[in-house]
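First to last, the sequence lines map onto chains A and B.
Taking numbering that gives the first Met the number 0, I'd label the letters of the first sequence as residues 0 to 556.
Taking numbering that gives the first Met the number 0, I'd label the letters of the second sequence as residues 0 to 211.
Note that CB positions come from ideal geometry on N, CA and C, so glycine has one too.
Note that the structure is predicted; figures quoted are calculated from it, not measured.
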Amino acid sequence: MNENNHHDDLPQATLVPKKHRRISVVWIIPILAAAIAIGIAVQRILSEGPTITIVFKAAQGIEAGKTFIKYKDVNIGQVSAVQLTDDFSKVKVTAKIAKNAAGLMVEDAQFWVVEPRISLSGVSGLGTLLSGNYIGFEAGKSASKQVAFSGLDEPPPLTEGESGHKFTLHATRLGSLGIGAPVYYRSLEAGRVIGYKLAPGGKSVEIDIFVRSPYDKYVNTETRFWNASGLDVSVGASGVNVRTESLVALIAGGVAFDDPIFPFDRVQATASTVFKLFADEASAMKQPEAIAQRYVLYFNESLRGLSVGAPVTIVGLPGGEVTDVGLDIDPKTKKIRGRVEIVSYPERIFGQMRGQQTAADSAMAHNIERRHELVRQMIEHFGMRAQLQSGSLLTGQLFVAFDFFPNAKKVKIDWNQEMPELPAVPGTLPNLEAKVGSILTKLDNLQWEKIGANTQKALESFTQVMNEADKALIRFDSDVTPELKSAIEEFRRATVSANKVIQNTDATLVSPDAPGQQELRNAMQEVARAARSLRVLTDYLARHPEALIRGKTEEKP
Amino acid sequence: MSTPGLTAAQAGLICCETCELLTRPEHPERPGHCPRCGAVLESRRPHSIQLTWALVIAAAICYIPANLLPVMNTTTLGTTEPDTIMGGVVFLYTSGSWPLALVVLIASVMVPIGKLIALTYLLVTVQRGVKGGFRERTRLYRMVEIIGRWSMLDVFVDTFTVALLQLKPLMSVEPGMGVLFFAAVVVLTMLAAETFDPRLIWDSGTRMEQKK
Numbered sequence: 000m001n002e003n004n005h006h007d008d009l010p011q012a013t014l015v016p017k018k019h020r021r022i023s024v025v026w027i028i029p030i031l032a033a034a035i036a037i038g039i040a041v042q043r044i045l046s047e048g049p050t051i052t053i054v055f056k057a058a059q060g061i062e063a064g065k066t067f068i069k070y071k072d073v074n075i076g077q078v079s080a081v082q083l084t085d086d087f088s089k090v091k092v093t094a095k096i097a098k099n100a101a102g103l104m105v106e107d108a109q110f111w112v113v114e115p116r117i118s119l120s121g122v123s124g125l126g127t128l129l130s131g132n133y134i135g136f137e138a139g140k141s142a143s144k145q146v147a148f149s150g151l152d153e154p155p156p157l158t159e160g161e162s163g164h165k166f167t168l169h170a171t172r173l174g175s176l177g178i179g180a181p182v183y184y185r186s187l188e189a190g191r192v193i194g195y196k197l198a199p200g201g202k203s204v205e206i207d208i209f210v211r212s213p214y215d216k217y218v219n220t221e222t223r224f225w226n227a228s229g230l231d232v233s234v235g236a237s238g239v240n241v242r243t244e245s246l247v248a249l250i251a252g253g254v255a256f257d258d259p260i261f262p263f264d265r266v267q268a269t270a271s272t273v274f275k276l277f278a279d280e281a282s283a284m285k286q287p288e289a290i291a292q293r294y295v296l297y298f299n300e301s302l303r304g305l306s307v308g309a310p311v312t313i314v315g316l317p318g319g320e321v322t323d324v325g326l327d328i329d330p331k332t333k334k335i336r337g338r339v340e341i342v343s344y345p346e347r348i349f350g351q352m353r354g355q356q357t358a359a360d361s362a363m364a365h366n367i368e369r370r371h372e373l374v375r376q377m378i379e380h381f382g383m384r385a386q387l388q389s390g391s392l393l394t395g396q397l398f399v400a401f402d403f404f405p406n407a408k409k410v411k412i413d414w415n416q417e418m419p420e421l422p423a424v425p426g427t428l429p430n431l432e433a434k435v436g437s438i439l440t441k442l443d444n445l446q447w448e449k450i451g452a453n454t455q456k457a458l459e460s461f462t463q464v465m466n467e468a469d470k471a472l473i474r475f476d477s478d479v480t481p482e483l484k485s486a487i488e489e490f491r492r493a494t495v496s497a498n499k500v501i502q503n504t505d506a507t508l509v510s511p512d513a514p515g516q517q518e519l520r521n522a523m524q525e526v527a528r529a530a531r532s533l534r535v536l537t538d539y540l541a542r543h544p545e546a547l548i549r550g551k552t553e554e555k556p
Numbered sequence: 000m001s002t003p004g005l006t007a008a009q010a011g012l013i014c015c016e017t018c019e020l021l022t023r024p025e026h027p028e029r030p031g032h033c034p035r036c037g038a039v040l041e042s043r044r045p046h047s048i049q050l051t052w053a054l055v056i057a058a059a060i061c062y063i064p065a066n067l068l069p070v071m072n073t074t075t076l077g078t079t080e081p082d083t084i085m086g087g088v089v090f091l092y093t094s095g096s097w098p099l100a101l102v103v104l105i106a107s108v109m110v111p112i113g114k115l116i117a118l119t120y121l122l123v124t125v126q127r128g129v130k131g132g133f134r135e136r137t138r139l140y141r142m143v144e145i146i147g148r149w150s151m152l153d154v155f156v157d158t159f160t161v162a163l164l165q166l167k168p169l170m171s172v173e174p175g176m177g178v179l180f181f182a183a184v185v186v187l188t189m190l191a192a193e194t195f196d197p198r199l200i201w202d203s204g205t206r207m208e209q210k211k
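In structure tokens:
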């Protein structure tokens, strides 16, 4: 109530409603917030590059919002969605590309999934084990932009910035080569296998290789490529040779290339040049046989051990190879005989000649008439004949050898046949066999019992002799040894006294105060004096040779 | 339900906001200072509605980037992964810990937006002079005021994680832009709740209003 009174006494305050509503400074806050938010939004929108879609066969390890697209290990985009294509057969990956990488999205740009790849030739994409798979990107050269791409199944072999050349090799089989297998030039890693596919027709394999600069300039049209996988073990006169390009090639395979060992025209290879991939270095380095002459040989002996590809040698040097082994019926005798077709490479034969002969004979190699004349001369005049010889007694492999048999029957070569027949002589091996056989028969015919009895007799007498020798020795022991002993003692005594004599001599001669020594010294002094006077005499005589006749004249002072 | 009764302002009095002494103002325009505690006397906080509006709008603007931008950038073995608040909630829910997801959802998403809605509701009702529900609205205001600081939870979690998870190069956590905006939302709503004068709730629908 007191309060009430009090209250009544108080003057009535009036609230003046504010008419003018000043804009408060506080509005800066929302304006600022809006400005920042809009700024960020604008920046986001501006930095947003194009959205692209890539179609992959499978989206292994690709996650929306987590998988990046990387170019040279730099993120240029991020996967925003992973869906199946409309026909559910593939995966459509939608990705947002950074604004600054928008220019890279051109027609021939390549995308592939980078995942850890562990192959024998190395481990790649190891980083993805920890970071997860990502989409690799390779820029294209086209200028027309594109937003829909189809991804590669395998990473493309080349990365931009590596200069070099691509070449194609033809091989009958891929062997152990894989993508990334090294390519060697003189054991240096010069490139790698970047791809392979079955050649059209399915009869061979096309292997694409990339040879890095500067090695690519050593590839010319005549360059030989061979499969460098594995070990090359050769047993020669110098021992066992083991060669391999590298440990990697040993395990993962590889390709090696080099210039051929024979002369050739160096023409720089282009990307379109197709090379043959040889199985090994030896076959790669084989000279191409431009000129080949075929002959046929008939043998009346076993051809067992003679196979197609067996060498044909001329005086032991390679000159061709066997191309066919078969049967034939002798038109005269109607007897079945062995038919061996060979091919000879004149170039190779003449290539083994030296110096000026080479030039002359390479002309001969190309001139059929002159070559035939040479062969005819060899066969008809010098008795060159084909013979089957054994390359190895162990394996029984045969080869055809041309050697000279001056005593062989004269023959004529019929050059009109498509395959001229060359004369052959029976091989040495059957002869050897026959000889060994006859030796064995002789051995068989020996009277073994008699020999045995004789041997026994001989042995018995030998035992007798030995017994007597024994006896003699024992006698020697009892009779001679005591004598010998005393003789030895005598000898020792003699030695002792001889020793004493020598010591005495030493004392007389060697010790400085020995009389002998003293006398020797005096004698030497005398000799020296004599020599001096002799020198004086000779000097005098040199100056006064007349003294010899007239005698010494008194010198005048 | 509840009647506002006579307010101090209607009675021409001012209650000191600090020591709650009821005084007569020196002058209606310039009320002066509290004779007991010396605090500045105000019948109503000046520009309360305008200030609150500005702060609420600023907070609402900041709320958008706070949720869109990552609050945390987790770098695990070279891969940087941004995490937004909602992303975290979804992650927690899908990984099975739904109670945690609920806590984060309530503390980090619902509370800020709830505060913004509550403040907007209070501002609108005060401006439109809605009569009735005075006590409920006052209770709502108190809740907003009390609950305000708790939505800093997210910022704290972020700060701790960033400070603790620096296992470079295996793993590291960097704060994202989102957390700045989120902190701004929290601070701005707290300030908005502070600038809002709850006495205004009672002004509407009182005799004073009727007088006008």
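Pairwise C-alpha distance: residue j and residue i
{"i": "B/Phe181", "j": "B/Phe195", "result": "21 Å"}
{"i": "A/Glu114", "j": "B/Leu169", "result": "20 Å"}
{"i": "A/Leu316", "j": "A/Phe298", "result": "21 Å"}
{"i": "B/Thr6", "j": "B/Leu115", "result": "27 Å"}
{"i": "A/Thr13", "j": "B/Ala117", "result": "31 Å"}
{"i": "A/Arg492", "j": "A/Asn466", "result": "38 Å"}
{"i": "A/Leu103", "j": "A/Ile134", "result": "15 Å"}
{"i": "B/Thr22", "j": "B/Thr93", "result": "59 Å"}
{"i": "A/Gln42", "j": "B/Val184", "result": "21 Å"}
{"i": "A/Leu31", "j": "B/Ile60", "result": "10 Å"}
{"i": "A/Tyr217", "j": "A/Val192", "result": "17 Å"}
{"i": "A/Val314", "j": "A/Ala407", "result": "16 Å"}
{"i": "B/Arg35", "j": "A/Ala34", "result": "45 Å"}
{"i": "B/Ile13", "j": "B/Cys33", "result": "9 Å"}
{"i": "A/Ala268", "j": "A/Asp72", "result": "33 Å"}
{"i": "A/Asp152", "j": "B/Met109", "result": "47 Å"}
{"i": "B/Ser1", "j": "B/Val70", "result": "With a pLDDT of 46 at B/Ser1, under the threshold of 50, the modelled position of this residue cannot be trusted; read the value that follows with caution. One C-alpha to the other measures close to 44 Å."}
{"i": "A/Glu525", "j": "A/Phe490", "result": "43 Å"}
{"i": "A/Lys69", "j": "A/Phe277", "result": "39 Å"}
{"i": "A/Val500", "j": "A/Lys551", "result": "53 Å"}
{"i": "A/Ser485", "j": "A/Leu445", "result": "58 Å"}
{"i": "B/Glu19", "j": "B/Val39", "result": "12 Å"}
{"i": "B/Ile146", "j": "B/Leu121", "result": "16 Å"}
Which residues DSSP lists as bridging residue i, in chain order
{"i": "A/Phe148", "result": "A/Ile53"}
{"i": "A/Gly337", "result": "A/Phe298, A/Leu326"}
{"i": "A/Phe166", "result": "A/Ile208"}
{"i": "A/Asn99", "result": "DSSP lists no partner for A/Asn99."}
{"i": "A/Tyr214", "result": "DSSP output for A/Tyr214 lists no bridge partner at all."}
{"i": "A/Asn406", "result": "A/Asn406 is not bridged to any residue."}
Environment of residue i [buried if 16+ CB atoms lie within 10 Å]
{"i": "A/Lys470", "result": "exposed"}
{"i": "A/Asp329", "result": "exposed"}
{"i": "A/Ser343", "result": "buried"}
{"i": "B/Pro197", "result": "buried"}
{"i": "B/Gly87", "result": "buried"}
{"i": "A/Ile378", "result": "buried"}
{"i": "B/Cys15", "result": "buried"}
{"i": "A/Phe261", "result": "exposed"}
{"i": "A/Met523", "result": "exposed"}
{"i": "B/Thr51", "result": "buried"}
{"i": "A/Gly319", "result": "buried"}
C-beta atoms of residue i and residue j nearer than 8 Å
{"i": "A/Ile53", "j": "A/Val105", "result": "no"}
{"i": "A/Glu221", "j": "A/His169", "result": "no"}
{"i": "B/Pro27", "j": "B/Glu41", "result": "no"}
{"i": "A/Glu188", "j": "A/Pro181", "result": "yes"}
{"i": "A/Trp111", "j": "A/Pro154", "result": "yes"}
{"i": "A/Tyr183", "j": "A/Ala227", "result": "yes"}
{"i": "B/Leu261", "j": "B/Ala57", "result": "Beyond the ends of chain B as shown, which are 0 and 211, falls residue 261 of chain B; an answer cannot be given."}
{"i": "A/Asp323", "j": "A/Val311", "result": "no"}
Minimum Cβ-Cβ distance from residue i to chain E less than 8 Å
{"i": "B/Gly11", "result": "Of the protein chains in the structure, A and B, none is chain E."}
Could you tell me which whole alpha helix (DSSP H) segments of length 4 or greater appear in the region 13 to 96 of chain B? 47 to 67, 84 to 93
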